[in-house]
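What follows is a set of notes on a single structure, which appears directly below.
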Amino acid sequence: MQVIKVDPKKCTGCHQCELWCATEIASVAKELAGAINEEPQPVPRVYVEGKKLALQCRHCVEAPCLDACPNGTMRRDAETGLVYVHEPTCIACWMCVMVCPFGIINPSPTYKVAIKCDLCRNMGYPICAEVCPTQAITVEPRQDYRKVF
Amino acid sequence: MRYVLIGGSAAAVSAVEAIRSVDKLSPIDLFSDEKTPLFSRVLLPYYVAEELSKPLLNFRSADFFEENKVTAHIGVRVREIDPQSKTAAADDGNTYAYDKLLLATGGNAIIPKIPGVDKEGISPLKTMQDAENIYNFKGDRAVVIGAGSIGVESCISLMRRGVRVTLLEQLGHVLPTVFDDEAAGIIRNLIEQMGIEVITGERAIEFTGNGRVQSVVTSTGEIECDNVILSVGVRPAVELAEKAGIEIGMMGGITTDGGMMTSCQDIYAAGDVCETFDIARNQIFINAIWPMAVEQGRIAGSNMAGQDKQYGGSVRMNSIGNFIGIPAMSMGVTRTDECSYADEECHFQEIKKRTQNTYKKIILKNGCIVGAIFIGVGQTQRSGIISILLRRQIDVSDYIQALMSNNLNFMDILPLLRRYGDKFTEPEYKELMDTGL
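Protein sequences, first through last, are from chains A and B. Here our numbering is used: the first residue of the first sequence is -15, the next is one more, and so on. Here our numbering is used: the first residue of the second sequence is 277, the next is one more, and so on.
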């Protein structure tokens, strides 16, 4: 399974990933100047907060958001193993928000839909990794920790 | 191996998925007394409100049973199970043999013993049939009895359909099991602004009417109405278990061990029907909510298929969603006196933060979170961080400021998680701990 890795030695906390995630995925304009002036403001799916480290959905092995979703809107892609929101059926009950241990599911007040990283599954390659100026964000296979411990 | 699953909602479906992740071939027979398969019970108020049509109530695709090679007996009730001969007798006239059986029979709506409660136009909201009845209610005046989650959501659903609604609650405030009185006050204001009449501290004494309900007599007055929704709670549906001699606990649910097995060998229970260890209350409790049913179903299913998984315990969690216009949620206990087995050694703390329309409260017992309430935009997004600290019972004494901050974020509490690294062994946590931040 491929997941996003962030190298803390390279991450400078520049917020480029946030900016481009919001522009590319969430904005109507799809270009920066337009996105910045848009109302409602586009919401990114990656957060650089507290420390110099970009934080996205971890795509947990046992994902609490999958358990909590009462109508199968939160799904795991059978092929990639990634967890994503099937937006058309989201009823904005915020159960997933309440159980996400990383706090990275955003309850969109405007569109009544839960917003979270899906590794840009409709684009092929995550935009945050593409735009990171120091290549701190990379896509790598998930390490199997059960073998380590 | 032959599996028989009784129930067709969250716990049973989750058990199917767990069994099939290990055992691809053994026959599974699933029985559901609901005629409609795979609909999500918690969405019924959305159906009544005309926000979701019937197909959108499904929580798995229509071919779920076929895909998982499950023989689904939809609309078939199991009459009796015999643990001696390991068989289940269904009302289709057949008897089914099992090696492992799951009781995921859920709960029954409580019908209060109030004179006239059997009149026409009075219904709980639990089954699809109930939802259809309420959807087809005639008249423009309704009373909802009981201001729990389903009660409040029912009110708003009917109000959106143009019905004038009165919400009647016998306790002092709305959502008594979900919020403290301060949070409930915010919610009450919001639903009153929608045009719903809220009466608290009053009981329904009688339903009048000739065949059909015409009014609800309360302790101080009388409310005219065409319809009544009863939402005074659910009780575990333990009839089958009782008849089979399976142990029922103090709270009225089926008792389970750490692997979700009942007192009877090879019979498991999961979901609203069973009692589990409540982490926040530190006692056995029934937490009849969707996410716990899914978790318990997964543990039960895995163990039925030969694995050895232990359930870490349950926690009550409720989110009122977009029904009231702002996000509002709570988890664990809402007041310190809900914690049992407290002795003089126990030190409780309540920390609150309040603005006009937002509210946040966490309750600590000996430094560990046992309850939390979040109301309003900005307060709810990071509530999941609190939920994981609650479920793993982490001492947060020196992180209270960070947890109450409006800028609460995961990276700030990462050092705390690392301190309790043995409780966070999953790869998704290890990946972040490895960063050394």
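All C-beta atoms, glycine included, are put in the ideal place defined by N, C-alpha and C. It should be emphasised that the depicted structure is a prediction, and the values quoted were computed from it without experimental measurement.
Three-state secondary structure assigned by DSSP to residue i
i	result
B:Val219	Given a span of 277 to 713 for chain B in the structure shown, any question on residue 219 of chain B remains unanswerable.
B:Ser285	coil
B:Tyr411	helix
B:Arg592	coil
B:Val280	strand
B:Glu326	coil
B:Asn384	strand
B:Arg317	helix
A:Thr7	helix
A:Tyr95	coil
B:Tyr587	coil
B:Ile265	Residue numbering for chain B in the displayed model covers 277 to 713; residue 265 of chain B lies beyond these limits and cannot be assessed.
B:Leu506	strand
A:Ala38	strand
A:Ile88	coil
B:Ser495	coil
B:Met404	helix
B:Glu614	helix
B:Met680	helix
A:Glu2	helix
B:Met537	strand
Continuous beta strand (DSSP E) stretch holding residue i: start and end
i	result
A:Gln(-14)	-14 to -10
B:Phe686	Not the beta strand (DSSP E): B:Phe686 falls in the alpha helix (DSSP H), residues 686 to 695.
B:Glu356	354 to 358
B:Gln559	559 to 561
B:Ile426	No beta strand (DSSP E) holds B:Ile426; the alpha helix (DSSP H) holding it covers 425 to 436.
A:Ala76	Run containing A:Ala76: none; DSSP gives neither H nor E here.
B:Pro400	398 to 400
A:Glu124	121 to 125
Counterpart residues of residue i in DSSP-defined beta bridges
i	result
B:Arg630	B:Tyr635
B:Gly647	B:Gly608, B:Ile639
B:Phe335	Note: B:Phe335 sits in no beta bridge, so no partner.
B:Cys550	B:Ile530
B:Tyr372	B:Ala364
A:Arg136	No information on residue 136 of chain A is available, as it lies outside the stretch -15 to 133 that chain A covers here.
B:Arg417	B:Arg440
B:Ser308	B:Ile350
B:Tyr675	Answer by DSSP bridge pairing: none, since B:Tyr675 is not bridged.
Inter-residue spacing [alpha-carbon to alpha-carbon] between residue i and residue j
i	j	result
B:Tyr411	B:Cys550	30 Å
B:Ile694	B:Ser316	In the sequence on display, residue 694 of chain B carries Arg and not Ile. Straight-line Cα distance between these residues: approximately 38 Å.
B:Asn685	A:Phe86	8 Å
A:Phe133	B:Asp710	In this prediction, A:Phe133 scores a pLDDT of 43, lower than 50, which makes its location untrustworthy; no coordinate-derived value is stated.
A:Cys74	A:Asn106	18 Å
A:Thr118	B:Asp671	37 Å
B:Met404	B:Leu319	10 Å
B:Ser578	A:Gln127	24 Å
B:Ala581	B:Ala546	15 Å
B:Leu640	B:Gln677	13 Å
B:Thr442	B:Glu327	21 Å
B:Ile243	B:Glu445	Coverage of chain B is limited to positions 277 through 713, which leaves residue 243 of chain B absent and any answer about it impossible.
A:Ala120	A:Pro26	24 Å
B:Glu515	B:Gly383	10 Å
B:Asn334	A:Cys53	12 Å
B:Asp406	B:Leu690	47 Å
B:Leu314	B:Val324	18 Å
B:Ile560	B:Thr347	34 Å
B:Gly461	B:Val352	44 Å
B:Val298	B:Thr381	24 Å
B:Glu614	B:Asn563	14 Å
A:Pro24	B:Val504	41 Å
B:Gly654	B:Ser681	11 Å
A:Leu39	B:Val292	33 Å
Endpoints, alpha helix (DSSP H) assigned at residue i
i	result
B:Asn579	566 to 580
B:Glu704	703 to 709
B:Glu343	340 to 343
B:Val346	Here B:Val346 belongs to no alpha helix (DSSP H); instead the beta strand (DSSP E) covers 346 to 350.
B:Val393	That residue, B:Val393, is in no alpha helix (DSSP H); it is neither H nor E in DSSP.
B:Glu473	That residue, B:Glu473, is in no alpha helix (DSSP H); its beta strand (DSSP E) goes 473 to 476.
Test: residue i CB closer than 7 Å to a CB of chain D
i	result
A:Glu2	Looking at the structure shown, chain D is missing, and the protein chains on hand are A and B.
Of the residues that make up the segment 66 to 88 of chain A, which ones have a beta carbon closer than 7 Å to any beta carbon in chain B?
-> Thr73, Ile75, Ala76, Cys77, Trp78, Met79, Val81, Met82, Val83, Cys84, Pro85, Phe86, Gly87
Closer than 9 Å, Cβ to any Cβ of chain A: which residues of the segment 317 to 345 of chain B, in chain order?
-> Listed by position, the residues of the segment 317 to 345 of chain B near chain A (Cβ gap below 9 Å) are Arg317, Val318, Leu319, Tyr322, Glu327, Leu328, Leu332, Leu333, Asn334, Phe335, Arg336, Ser337.
Just by C-beta distance, which residues in the segment 652 to 671 of chain B are closer than 7 Å to chain A?
-> Residues passing the 7 Å Cβ filter: Val653, Thr656, Gln657, Arg658, Ser659, Gly660, Ile661, Ser663, Ile664.
What residues in the segment 306 to 317 of chain B have a beta carbon less than 7 Å from any beta carbon of chain A?
-> Ser316
Closer than 8 Å, Cβ to any Cβ of chain A: which residues of the segment 671 to 691 of chain B, in chain order?
-> Asn683, Leu684, Asn685, Phe686, Met687, Asp688, Leu690
For the segment 90 to 105 of chain A, which residues have a beta carbon sitting closer than 8 Å to at least one beta carbon of chain B?
-> Asn90, Pro91, Pro93, Lys96
Taking Cβ-Cβ distances below 8 Å as the criterion, which residues of the segment 588 to 619 of chain B are in contact with chain A?
-> Per Cβ criterion, the list reads Met593, Ser595, Gly597, Asn598, Pro603, Met605, Met607.
Residues of the segment 562 to 588 of chain B with a CB closer than 8 Å to any CB of chain A: list them in chain order, please.
-> Trp566, Pro567, Val570, Glu571, Arg574
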